[in-house]
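The UniProt record's numbering puts the first residue of the sequence shown at 1, with every later residue one more than the last.
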Amino acid sequence: MFSFRKKIFGKQNNKIIFLICGWPGKIWHYYFTAKILEINGYRSIVYEYDDNILTSSIKDTIKNTNIVKQEILNQINKFKKQGLQDFSIFGTSYGSIITFMIVNQSKDISKIIINLTGFDLAETVWTWNKGKDSLVKNGIVEQNISLKSLKEKWRELSPINNSNKLEKAKILFYLAKKDEVIPYKLQTKLLEKLKKINHRIQIYTDRKLNHLFSALLNLLWYKRYAKFLNDKN
């Protein structure tokens, strides 16, 4: 059984931003971020989801990820019918996987904040050799699934395969050099691909912190992302 939850901040505002938590992330992680965005005129819709959005079950991972993706696409269509036109999205870690899937299907997202992600989901998971994260990889290996096969099976989930329609969007892209969850080389590999099709990318690199603390710290740089979102250029 899979489910997600959402909380809305700033219901009175007409500029919409979707904030998608990492794996596992909680709505309260975004409370400060959402309140700052509310002050800046945004209606923030924060999504968290069950841990089994990403598991060693190939099919369940695809199905559960698409449930969240489709929910947000449906929300965009609903708001458009109400006359709203300003949409942005802020994805953290696995939330960035969902972010890329959404912007690949919707032309309505004009500003995108990517808070740590990599070139390919399968390649990222394949580096997980210790800790809780390794349970996902080990479960896949036990099914005799190779990296090559996994890349094909999870093709629709990987950012590199959802990045071809981003030439017009404004992008704020965060990297972490000491990230132990998403290797830095996979972060930069995706960034280099994006730079070939989009010349409106702002880049910030954390050179000190690991994945968790870098992702959380990026949520606190409110002046940076507020300026990015409010900039008309």
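For glycine and all other residues, C-beta sits at the position ideal for the given N, C-alpha and C.
Discussion item. I'd like to check one pair, I53 with N64: are the Cβ atoms closer than 8 Å?
Written reply: Judged by their CB atoms, N64 and I53 are nearer to each other than the 8 Å cut-off.
Discussion item. Am I right that D120 and S146 are in contact with their C-beta atoms under 8 Å? What's the rounded C-beta distance?
Written reply: Actually they do not touch by this definition, with Cβ atoms about 14 Å apart.
Worksheet item: Count the other CB atoms within 10 Å of the CB of F32; is the residue buried (16 or more) or exposed (fewer)?
Response: Burial call: exposed.
Worksheet item: Distance, Cα to Cα, K111 vs I58?
Response: One C-alpha to the other measures close to 30 Å.
Discussion item. Short of 7 Å in beta carbon distance, which residues of its chain neighbour K189, apart from the five on each side in sequence? Order them along the chain.
Written reply: Taken in chain order, the residues that qualify are F119.
Discussion item. So for S214, helix, strand or coil by DSSP?
Written reply: DSSP places S214 in helix when its eight states are reduced to three.
Practice prompt. Would you tell me roughly how many angstroms separate the C-alpha atoms of G131 and I182, rounded to the nearest one?
Written response: Answer to the nearest angstrom: the Cα atoms are 14 Å apart.
Worksheet item: Can you tell me whether DSSP reads D51 as helix, strand or coil?
Response: Helix.
Item to complete: For F173, write down the residues that DSSP places opposite it in a beta bridge.
Response: Looking at the DSSP output, F173 shares a beta bridge with I114 and I203.
Practice prompt. Please classify K107: does DSSP put it in a helix, a strand, or coil?
Written response: Under the three-state reduction of DSSP output, K107 falls in the coil class, being neither helix nor strand.
Discussion item. Please report the straight-line C-alpha distance between F18 and M1, rounded to a whole angstrom.
Written reply: Cα to Cα, F18 sits roughly 24 Å from M1.
Worksheet item: Short check: CB of N198 to CB of N104, under 8 Å?
Response: Taking a C-beta distance under 8 Å as the contact criterion, N198 and N104 do not qualify as a contact pair.
Discussion item. Our contact map puts L116 next to A176 with C-beta atoms below 8 Å; I'd like the distance itself, whole angstroms only.
Written reply: Yes, they are in contact, since the Cβ atoms of L116 and A176 sit about 6 Å apart, within 8 Å.
Worksheet entry | C-beta contact flag for E71 and F9 at 8 Å | Annotated as distal: E71 and F9, with beta-carbon spacing of 8 Å or more.
Worksheet item: At a cut of 8 Å, does the stretch 79-89 reach the stretch 147-155 through at least three beta carbon pairs?
Response: They do not touch, by the three-pair rule.
Item to complete: Specify the secondary structure class of K153 as computed by DSSP and reduced to three states.
Response: In the displayed model, K153 falls within a helix according to three-state DSSP.
Worksheet item: Given that a residue counts as buried once 16 or more other Cβ atoms are within 10 Å of its Cβ, and exposed if not, what is E123?
Response: The residue is buried, with at least 16 neighbouring Cβ atoms inside 10 Å.
Discussion item. Are the CB atoms of K193 and I201 within a distance shorter than 8 Å?
Written reply: Not a contact, by the Cβ cut-off of 8 Å.
Worksheet entry | Local Cβ density within 10 Å of L135, reported as buried at 16 or more and exposed below that | Taking all protein chains shown into account, L135 has fewer than 16 neighbouring C-beta atoms within 10 Å of its C-beta and is therefore exposed.
Fill in: E48 classed as buried or exposed, judged by whether at least 16 other C-beta atoms fall within 10 angstroms
Residue environment analysis places E48 among the buried positions, since at least 16 neighbouring C-beta atoms fall within 10 angstroms of its C-beta.
Item to complete: Pull up the CB-CB distance for I114 and Y204, whole angstroms please, since I reckon it's below 8 Å.
Response: Incorrect: roughly 10 Å between the Cβ atoms, too far for contact.
Worksheet entry | CA-to-CA distance, T61 to T55, given in whole angstroms | The alpha-carbon atoms of T55 and T61 are separated by roughly 6 Å.
Discussion item. Assuming contact is defined by CB atoms lying nearer than 8 Å, are K69 and I98 in contact in what I supplied?
Written reply: Pairing K69 with I98 gives a Cβ-Cβ distance under 8 Å.
Worksheet item: Quick one: Cα of residue 243 to Cα of A215, how far?
Response: Here the chain comprises residues numbered 1 to 233, so residue 243 is not present and cannot be evaluated.
Discussion item. On the CB-based measure, 16 or more other CB atoms within 10 Å of its CB, does I39 come out buried or exposed?
Written reply: Its Cβ having fewer than 16 others within 10 Å, I39 is exposed.
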